[in-house]
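Everything below concerns the one structure shown next.
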Amino acid sequence: MKYIDEFRDGDIARKIADRLLAEALPDRQYSFMEFCGGHTHAISRYGVAELLPPNVRMVHGPGCPVCVLPIGRIDLAIRLALERGAIVCTYGDTMRVPASDGLSLVKAKARGGDIRMVYSAADALQIARQNPQREVVFFAIGFETTTPPTALAIRSAQREGLANFSVLCCHVLTPSAITHILESPEVRQYGTVPIDGFVGPAHVSIVIGSAPYDHFAQEYRKPVVIAGFEPLDVMQAVLMLVRQVNDGRAEVENEFTRAVTPEGNPTAQALVSEVFELRPSFEWRGLGEVPYSALKIRSAFAAFDAERRFELGYRSVADNKACECGAILRGVKKPTDCKIFGTVCTPENPVGSCMVSSEGACAAHYSYGRFRDIPVRVEVAA
Amino acid sequence: MTTRKDYTRPLDIKHGRVDMGHGAGGRAAAQLIEELFVKAFDNPFLRQGNDGAALEIPAGHRLVMATDAHVVSPLFFPGGDLGALSVHGTINDVAMCGARPLYLTASFILEEGFPLADLKRIVESMAAASREAGVPVVTGDTKVVEKGKGDGVFISTTGLGVVPPGVDVGGANARPGDVLLLSGTIGDHGVAVLSKRESLEFETTIASDSAALHTLVAAMLDAAPGGVRVLRDPTRGGLATTLNEIARQSRVGMLLDEAAIPVLPQVDAACELLGLDPLYVANEGKLVAACAPEAAEAVLAAMRAHPRGAAAARIGSVTEDPHHFVQMATRFGGRRVVDWLSGEQLPRIC
């Protein structure tokens, strides 16, 4: 595939790997957090970890939109489908996230809920147009990447006077989550997060630009390198982070110059602020309540807000006690530190959110990297 | 007095629809069977008109029986349809046991209201697939369910075949050091079907690989007697799931070479766009084999000489691994586990 294969080239990967080995100081440890699930996925799927020097460790961050979705929000979507008879539309990997009472959207569908997987907010809008006699709710999740399309869907619905369409808004914000990781009370409880720098989001940064990260570099003295979602992007970003650490620099650098500018996409930003406003606080699965970390629909668009329309009361549901997702999402623990990893909690029967999507730290490690935990003799036949 | 000539008005295939009468066992049912099924599948076994078929089996052979229920949405897709699929799928299941498929049975569950024209198209495609493969449908059954209780048409087929003496092919036979051979590109069927799903339609030139593989299997077995240890067609769950099944059954591990696994650029691009991994996408005309290392070259040559195996490739090898991991050396230069598919393959959001 043109424009993609170039960023998956094994020969270039080896060259960057050689540079990393030469430049990473052997007497120190480097821990970098890739915030985004997209990076976690790329690292796992292409085996990037194997190409990094042993003293460079990647910590999987909370940027998997499915993973941070709290149980209570999924319960709301399930109730809309099962109790209110609404058609609930959502992105694919939201379907399997475990909710209360042993349910998930997939299981609610099996109980008769009309739950449909869509590829975009526009598809949900189309379903609403085709089913004027039914309530259609778009279960909107994701970071700044998926927010503008949701805003556009809401604005189109208003302009068309589409009376049966609404949105259950669960959009969250990247910068507030990063701040939370760096200074939440829980971090003090779990100990200092040993993170030397961040691989900054790819698609999120296309929308918000690189400027919002300046704060982290200046305030917390943490280097940030914004990187694309291809494996070579990640390798190059890690090399840039190692150089910053070695030089004692803490700057925002942009590896993903083919798509990210400092100011981002102003059209998308304007659209988002027209339709959404900040929530004073929002619950994240694994992180708890995070102040000013999510968006809600402005009152001018109240008719399209499923929470108002159906008068939904939010009830927070605690995670399973044995689950270590909270510490794993903050980078304080590794998936293998969790007692139930790979035994009680597997991709087939996820207990915690990190095991659900292949972008989640636990599922990525289970599905792609598990062999590293166990010494395996690999005999290659001639 | 003149006697009227015996006459029944033929089925109105063009405008007619399946009704409950077609499954009630009376004249309407008999007419549907006569005018549609028997006419399409015509062979001496069916013409006997009995409740079952009496069959000849070559002496000294072991029997293999396989059954498969077929449902697909949409019923017609680029490169095939439910009818052809129901023949190819079962012939392949029989062939993957190292057997020569001889006979098929077919049962249809029809939904009230299903257009007869579509049914005819499906049945004729099935008959054509069966003729092309040389494996007749020798007996069958039809039932009709009320509207809303089925999805148009479901077809269940059973195949009977014989394993020649000396052939021992099975999922538990792979040994460390064996070579893994794949008969061609992966993911074609799954992507072709997805491209026609109502909610997802996209323009593509990808056609399903739906095909019967028994002649390819015969050529492979002939090329190296005793050399082919495992045969399997990676249908639902894709190549990844099939290899994990074999690894578990044979109590071995596997190491794949990503760069050696053939994927059409169009399939690769569609998967990229949809957030899917071709390793987990269904195939309906491909097989994967584990061969003794000394037989691998001859088997691969035989595959490449056959039209269904022209793009065959050596994709990896069987390893000793108490955890039965299927691992893959990535094109990028790293290594990773290729795990079982968990649940349905769902597209990622980012």
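Top line first, the protein sequences correspond to chains A and B.
If you use the numbering used here, the first sequence closes out at 382, no skipped numbers anywhere.
If you use the numbering used here, the second sequence closes out at 1350, no skipped numbers anywhere.
Backbone N, C-alpha and C define an ideal beta-carbon position, used for all residues, glycine too.
One finds nothing in chain B with a Cβ atom closer than 9 Å to the Cβ of A/Glu144; even the nearest lies about 11 Å away.
By the Cβ rule, the region 1180-1190 of chain B counts as touching the region 1202-1212 of chain B, because three or more pairs are nearer than 8 Å. Under the Cβ distance rule, B/Asp1268 counts among the residues neighbouring chain A, one pair being separated by less than 8 Å.
For the C-beta of A/Glu255, not a single chain B residue is nearer than 8 Å; the gap to the nearest is close to 17 Å.
Counting along the chain, A/Ile226 sits inside the beta strand (DSSP E) bounded by residues Val224 to Ile226. For chain B, the residues of the region 338-372 of chain A that bring a beta carbon within less than 7 Å of one of its beta carbons are Pro347, Glu348, Ser357, Ser358, Glu359, Ser367, Tyr368, Gly369, Arg370 and Phe371, in chain order. Residue-level contact by beta carbon fails for A/Val272 and chain B, as no gap is shorter than 8 Å. Around the beta carbon of A/Asn246, fewer than 16 other beta carbons lie within 10 angstroms, which makes this residue exposed. Under a 10 Å Cβ-count criterion, B/Asp1093 is classified as buried, with 16 or more other Cβ atoms of the shown protein chains found around its own Cβ. Contacts with chain A at 8 Å (Cβ-Cβ) include B/Gly1333. Contact residues of the region 44-59 of chain A toward chain B are Ser44, Arg45, Tyr46, Gly47, Val48, Ala49, Glu50 and Leu51 (C-beta to C-beta distance below 8 Å). At a cut-off of 8 Å between beta-carbon atoms, B/Gln1327 makes contact with chain A.
Contact of B/Val1337 with chain A is assigned, a C-beta pair being separated by under 8 Å.
The three-state secondary structure of A/Glu219, taken from DSSP, is helix. Here B/Ala1059 is exposed: its Cβ has fewer than 16 other Cβ atoms, across all protein chains shown, within 10 Å. With a minimum length of 3 residues, the unbroken runs of beta strand (DSSP E) contained wholly in the region 1143-1185 of chain B fall at 1153-1163 and 1179-1182. Taking the C-beta atoms as reference points, A/Val356 is found no nearer than 8 Å to A/Ile340. Residues of chain A with a Cβ closer than 9 Å to the Cβ of B/Glu1272 are, in chain order, Met1 and Ile4. At a beta-carbon threshold of 8 Å, none of the residues of chain A lie near B/Pro1136; the nearest stands roughly 39 Å away. As computed with DSSP, B/Pro1136 is found in no beta bridge at all.
For B/Thr1090, no chain A residue has a C-beta closer than 7 Å to its own C-beta; the minimum C-beta separation is roughly 28 Å. In the structure shown, B/Ser1250 falls within a helical segment according to DSSP collapsed to helix, strand and coil. In terms of Cα proximity to B/Ala1290, the closest of B/Gln1031, B/Cys1097, B/Asp1042 and B/Asp1012 is B/Cys1097. A/Asp123 and A/Cys170 do not touch by the CB rule: their CB atoms are close to 18 Å apart, not below 8 Å. Taking C-beta atoms as the reference points, A/Gln29 and A/Arg57 count as a pair closer than 8 Å. In the three-state reduction of the DSSP assignment, B/Asp1257 falls in the strand class, which pools E and B. Using a CB distance cut-off of 8 Å, B/Pro1101 does not count as an interface residue toward chain A. At least 8 Å separates the CB of B/Thr1185 from every CB of chain A. Non-local C-beta neighbours of A/Ala24 in its own chain, meaning closer than 7 Å and more than five positions away in sequence, comprise Tyr30, Pro53, Asn55, Val56 and Val242, ordered along the chain. Selection A/Lys333, A/Gly331 and A/Cys362 evaluated against A/Thr346 yields A/Cys362 as nearest (Cα-Cα). Separation of the CB atoms of B/Leu1085 and B/Val1072 is rounded to 6 Å, and the pair is thereby assigned contact status at 8 Å.
Listed in chain order, the non-local C-beta contacts of A/His365 below 6 Å within the same chain comprise Pro335, local neighbours out to five positions each way being set aside. B/Ser1317 places its beta carbon less than 8 Å from that of B/Asp1178. The bridge partners DSSP lists for A/Pro291 are A/Ser281. Distance from A/Tyr292 to A/Leu271 at the Cβ level is roughly 20 Å; contact not present, criterion being Cβ atoms closer than 8 Å. In the three-state reduction of the DSSP assignment, B/Val1281 falls in the coil class, being assigned neither a helical nor a strand state.
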